[in-house]
Amino acid sequence: MNPADGIVGRFAPSPTGALHTGSLVAAVGSYLMAKHAGGRWLLRLDDLDKPRQVAGMADDIMRTLESFGLLWDGEVARQSCNPGAYREAFETLQQSGVVFPCCCSRREIALAASAPHLEDDGLPYPGTCRAGMRQTGIIRSWRVSAPAGEICFHDLCQGSVCQNIASVCGDFAVRRGDGEFAYQLAVVVDDHLAGVNQVVRGADLLTSTPRQIHIQNVLGYQRPVYCHLPLVTGPGGTKLSKRDNLVSQQLGNLAGSEGQLLCSVLSFLGQNPPVTLQEGSCPDILEWGVRHFEAGRIPAAGGEIIVQ
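Numbering (numbering that gives the first Met the number 0), first residue to last: 0 to 307.
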């Protein structure tokens with residue numbers, strides 16, 4: 000989509016659990032940035048990982064967003080409804096010669112990489128099957144060959160980012176052996192089809208972005224603008240306990256505190272809302288946020304959210 004046609008942002012949670020304060024920051028940040036530019040804000044449920052989905056969470060996510068006044072434009076999209084588009088994109092990657100079948104197990108990859116932690120999703124793939132899979136092997140995944148050199152992009156919050164995919168993760172999976180498509184491919188296709196040209200999300204996904212840009216380049220898709228927001232942490236910079244920081248209508252843990260929490264998120268994003276704003280309704284708070292939003296105020300580093 001041509002940026003001249005208007006900004007299109009999105010929020011894409013996974014219904015594997017309730018929203019938490021970190022995902023609320025991503026929702027509010029993406030909403031403010033799109034709406035400040037007069038654009039549209041879409042909602043997509045990234046529901047490809049069926050075994051991890053929790054019954055009722057998709058509805059709870061939508062109800063919770065509504066309780067904060069975060070109203071999306073258009074119909075809610077679901078990844079589970081898009082297998083045909085993923086298959087078409089996958090076939091294009093195959094025709095481009097960048098995809099190959101791989102029979103390596105995670106243990107084999109770990110041993111080849113001399114990695115101490117088998118559970119680490121960041122294991123660099125050593126390229127074992129790139130030149131051809133062993134004849135007795137069973138296809139466990141389909142991988143995209145990592146490009147030579149670095150992929151660089153400018154992030155509105157994190158600044159200049161460069162990554163050598165080959166050294167960071169190596170050839171990466173875009174489809175499982177059972178036919179299910181991987182997140183890295185699905186998210187690129189989803190954003191392209193929806194005309195998303197502004198991707199605002201948490202900094203935990205920053206390292207995935209070069210892989211997605213590589214797929215965009217091969218498929219001939221336009222690259223969106225990226226903004227990776229600071230991560231919410233626990234006390235003293237510890238990892239956030241999502242279980243203790245849930246934001247959910249179904250669990251009943253909001254108790255009318257939406258306005259206070261929304262103002263705290265605005266403060267976390269560097270927008271400095273007036274203290275009196277928390278007495279207003281969520282729509283009023285968001286209206287203030289949209290009108291006064293400045294991306295340059297967003298800090299790169301994360302921290303705690305202090306509820307006012």
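The C-beta atom is built at its ideal place from N, Cα and C for all residues, glycine as well.
Asked	Found
Let me check understanding here. Comparing Cα to Cα, which of Val187, Gly21, Pro123, Gly8 lies closest to Asn244?	Gly21
Looking only at C-alpha atoms, which of Pro123, Asp72, Ser144, Cys102 sits nearest to Gly96?	Ser144
Using only alpha-carbon positions, find the residue among Gly5, Phe10, Thr15 that is nearest to Arg200.	Phe10
Can you check whether the CB of Cys101 is closer than 9 Å to the CB of Arg77?	no
In terms of alpha-carbon separation, which member of Thr91, Asp46, Ser79, Trp71 lies closest to Pro12?	Asp46
Put Gln221 into one of helix, strand or coil per three-state DSSP.	coil
Can you name, in chain order, every residue of its own chain whose Cβ lies under 6 Å from the Cβ of Gln94, other than the five neighbours on each side?	none
Verify the contact flag: Tyr30, CB atom, against every heavy atom of the ligand ATP, threshold strictly below 8 Å.	For the ligand ATP, the structure offers nothing, since it holds no ligand at all.
Count the other CB atoms within 10 Å of the CB of Thr275; is the residue buried (16 or more) or exposed (fewer)?	exposed
According to DSSP, simplified to helix, strand and coil, what is Asp283?	helix
If distances are taken between C-alpha atoms only, which option among Trp71, Pro14, Ile60 comes closest to Tyr30?	Trp71
Using the Cα positions of Tyr85 and Gly38, report the straight-line distance between them to the nearest angstrom.	26 Å
Do you know offhand how far Arg51's Cα is from Asn216's?	31 Å
Can you give the Cα-Cα distance for Phe67 and His213, rounded to whole angstroms?	36 Å
How is Leu18 classed by DSSP in three states: helix, strand or coil?	strand
I need the DSSP call for Asp154, collapsed to helix, strand or coil.	strand
Check the DSSP bridge columns for Gln162 and list the partner residues they point to.	Ile150
Tell me the DSSP bridge mates of Leu42?	Phe10
Going along the chain, which residues of its own chain have a beta-carbon closer than 8 Å to the beta-carbon of Pro282, five neighbours each way excluded?	Gly68
Could you give the residue range of the beta strand (DSSP E) that holds Arg175?	171-175
Measure the beta-carbon distance from Gln183 to Phe171 and round it to whole angstroms, keeping in mind my assumption that it falls under 8 Å.	6 Å
Compare the C-alpha of Ala26 against each of His227, His291, Gly295 and name the closest.	His227
Leaving aside the five residues before and after Pro146 along the sequence, list all residues of the same chain whose C-beta is less than 7 Å from its C-beta, in chain order.	Ile164, His213
Have a look at the DSSP bridge pairing and note the partners of His291.	Partner(s): none; His291 has no beta bridge.
Given this structure, state the Cα-to-Cα distance separating Ala17 from Arg222, to the nearest angstrom.	30 Å
Suppose you measure from the CA of Val224 to the CA of Gly235; what does that come to, to the nearest Å?	32 Å
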